[in-house]
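Undergrad: 425 is the number that my numbering gives the last residue of the sequence shown; the numbers go up by one with no jumps.
Here a beta-carbon is modelled for each residue, glycine too, at the ideal position from N, C-alpha and C.
Encoded as structure tokens, here's the structure I'll be asking about.
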Amino acid sequence: MTKPVIIGIAGNQLTNDTTLINNLGIAYTPLNFVKGVCQAGGLPVMLPIQDSKHAKDYINAIDGLILAGGQDISPSYYGEEPILELGTTLPIRDTFEFSLLEEALKQNKPVFAICRGLQLVNVFLGGSLYQDIHKQTNSTIQHLQKTDPHYVAHSLSIEKDSLLHRIWQTETTYVNTFHHQAVKTLGSSLRATAFSPDGFIEAFEWENNSQYLLAVQWHPEILLQEHHEQSRALFEDFVKQCASN
Numbered sequence: 181m182t183k184p185v186i187i188g189i190a191g192n193q194l195t196n197d198t199t200l201i202n203n204l205g206i207a208y209t210p211l212n213f214v215k216g217v218c219q220a221g222g223l224p225v226m227l228p229i230q231d232s233k234h235a236k237d238y239i240n241a242i243d244g245l246i247l248a249g250g251q252d253i254s255p256s257y258y259g260e261e262p263i264l265e266l267g268t269t270l271p272i273r274d275t276f277e278f279s280l281l282e283e284a285l286k287q288n289k290p291v292f293a294i295c296r297g298l299q300l301v302n303v304f305l306g307g308s309l310y311q312d313i314h315k316q317t318n319s320t321i322q323h324l325q326k327t328d329p330h331y332v333a334h335s336l337s338i339e340k341d342s343l344l345h346r347i348w349q350t351e352t353t354y355v356n357t358f359h360h361q362a363v364k365t366l367g368s369s370l371r372a373t374a375f376s377p378d379g380f381i382e383a384f385e386w387e388n389n390s391q392y393l394l395a396v397q398w399h400p401e402i403l404l405q406e407h408h409e410q411s412r413a414l415f416e417d418f419v420k421q422c423a424s425n
């Protein structure tokens with residue numbers, strides 16, 4: 181029997197939502213990530229937020245790590261005070277996911293980072309973020325689209341000889357956009373490989389391709405519902421790499 185390719189999806193949690201029964205907290209991961217991994221032939225498992233001491237055991241048990249979307253990254257991690265436009269943060273999630281990422285890199289496990297996940301990787305590697313694009317820049321492009329996120333919104337330019345270009349075989353496409361923060365300074369040893377029309381970094385990978393890292397700012401897992409073949413290809417390439425790693 182073929183060994184399943186186990187993909188760990190870093191989880192999120194609800195603790196004070198008014199819809200919770202008896203104020204019981206919920207650990208969860210968005211269903212679209214589960215579907216994306218399953219469609220690509222992987223076996224998804226959620227990694228609920230825990231003490232960082234458990235990160236090594238989690239990474240030992242999986243073949244690849246997905247860092248998903250969610251709250252803003254606490255700006256203290258990149259040396260800034262919170263501005264008024266900063267969204268909700270969850271410091272215990274930041275700390276736990278930093279530990280997961282650190283251990284995944286140590287063990288040479290493939291990493292697929294999406295939206296917040298891209299921002300977390302960037303900050304972990306010494307980069308910084310715009311806490312709010314429209315407050316801190318002159319951008320006139322929607323990055324928090326008003327159109328249903330299952331549909332694409334703005335164009336994307338892709339660098340040649342990049343992981344994205346290898347997967348998609350194109351230099352331009354369209355993606356959805358559902359974020360109000362963005363990379364300001366790029367982290368150490370990273371190479372920006374895709375850009376929005378106003379010049380923001382929309383994807384990056386390792387500068388020297390030393391191991392598999394694909395980080396994207398948009399939400400391919402949501403586009404899967406519209407049978408978006410490019411999004412499916414990202415999950416398939418990631419799971420394939422996890423299987424052969």
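(1) Does DSSP put lysine 326 in a helix, a strand or coil?
(2) Which stretch, first to last residue, makes up the alpha helix (DSSP H) that contains histidine 314?
(3) If histidine 360 sits next to cysteine 295, beta carbons under 8 Å apart, how far is it from one beta carbon to the other, in whole angstroms?
(4) With a Cβ-Cβ cutoff of 7 Å, do alanine 220 and phenylalanine 415 count as a contact?
(5) Candidates Asn302, Val185, Gly222: which alpha carbon is nearest arginine 371's?
(6) Quick check on this structure: which residue in Thr195, Val225, Asn202 has the alpha carbon closest to the alpha carbon of glycine 188?
(7) Note down the Cα distance separating leucine 309 from serine 256, rounded to an integer number of angstroms.
(8) Using 10 angstroms around the beta-carbon of serine 335, count the other beta-carbons present and answer buried if the total reaches 16, otherwise exposed.
(9) Can you look up alanine 207 in the DSSP assignment and give me helix, strand or coil?
(10) Please tell me whether alanine 423 and valine 185 are closer than 7 Å, where the distance is taken between their beta carbons.
(11) Applying the 10 Å Cβ sphere with the 16-neighbour rule, what's the burial state of threonine 350?
(12) For valine 217 and phenylalanine 418, what's the separation of their Cα atoms in angstroms?
(13) Using 8 Å as the Cβ pair cut-off and three pairs as the minimum, do the region 258 to 267 and the region 228 to 238 touch?
(14) Does DSSP classify leucine 270 as helix, strand or coil?
(15) If aspartate 274 sits next to isoleucine 253, beta carbons under 8 Å apart, how far is it from one beta carbon to the other, in whole angstroms?
(16) Output the distance between the C-alpha atoms of glutamine 421 and alanine 383, rounded to the nearest integer angstrom.
(17) Along the beta strand (DSSP E) that carries leucine 370, what are the first and last residues, could you check?
TA: According to the data block:
(1) If you number the sequence shown from 1, residue 326 lands on position 146. Here lysine 326 sits in coil by DSSP.
(2) For the purposes of this step, residue 314 is taken as the residue at position 134 of the sequence shown. Looking at the DSSP string, the run of the alpha helix (DSSP H) that includes histidine 314 is 313 to 316.
(3) The count along the sequence shown starts at 1 and reaches residue 360 at position 180. The count along the sequence shown starts at 1 and reaches residue 295 at position 115. So it is not a contact: roughly 11 Å between Cβ atoms.
(4) By one-based count along the sequence shown, residue 220 stands at place 40. By one-based count along the sequence shown, residue 415 stands at place 235. It is a contact, given that the beta carbons lie within the stated cut-off.
(5) One-based indexing of the sequence shown puts residue 371 at position 191. With distances taken between Cα atoms, arginine 371 lies closest to Asn302.
(6) By one-based count along the sequence shown, residue 188 stands at place 8. The residue with the shortest Cα to Cα distance from glycine 188 is Val225.
(7) The sequence position of residue 309 within the sequence shown is 129, counting from 1. The sequence position of residue 256 within the sequence shown is 76, counting from 1. Rounded to whole angstroms, leucine 309 to serine 256 spans 11 Å at the Cα level.
(8) As a first step, residue 335 is located in the sequence shown; it is residue number 155 there, counting from the start. That one is exposed.
(9) To locate residue 207, count along the sequence shown from 1; it is residue 27. Alanine 207: strand per DSSP, three-state reduction.
(10) Within the sequence shown, the letter at position 243 stands for residue 423. Within the sequence shown, the letter at position 5 stands for residue 185. In this structure, valine 185 lies closer than 7 Å to alanine 423 by Cβ.
(11) As a first step, residue 350 is located in the sequence shown; it is residue number 170 there, counting from the start. Exposed.
(12) What you label residue 217 is simply residue 37 of the sequence shown in a count that begins at 1. What you label residue 418 is simply residue 238 of the sequence shown in a count that begins at 1. Between valine 217 and phenylalanine 418, the C-alpha separation is close to 9 Å.
(13) no
(14) Counting from 1 along the sequence shown, the entry for residue 270 is found at position 90. Residue state, collapsed to three classes: coil.
(15) Indexing the sequence shown from 1 puts residue 274 at position 94. Indexing the sequence shown from 1 puts residue 253 at position 73. About 6 Å; that satisfies the 8 Å criterion.
(16) Along the sequence shown, one-based indexing puts residue 421 at 241. Along the sequence shown, one-based indexing puts residue 383 at 203. C-alpha separation (whole angstroms): 18 Å.
(17) Taking the sequence shown and counting its residues from 1, the one referred to as residue 370 is at position 190. First-last of the beta strand (DSSP E) with leucine 370: 370 to 375.
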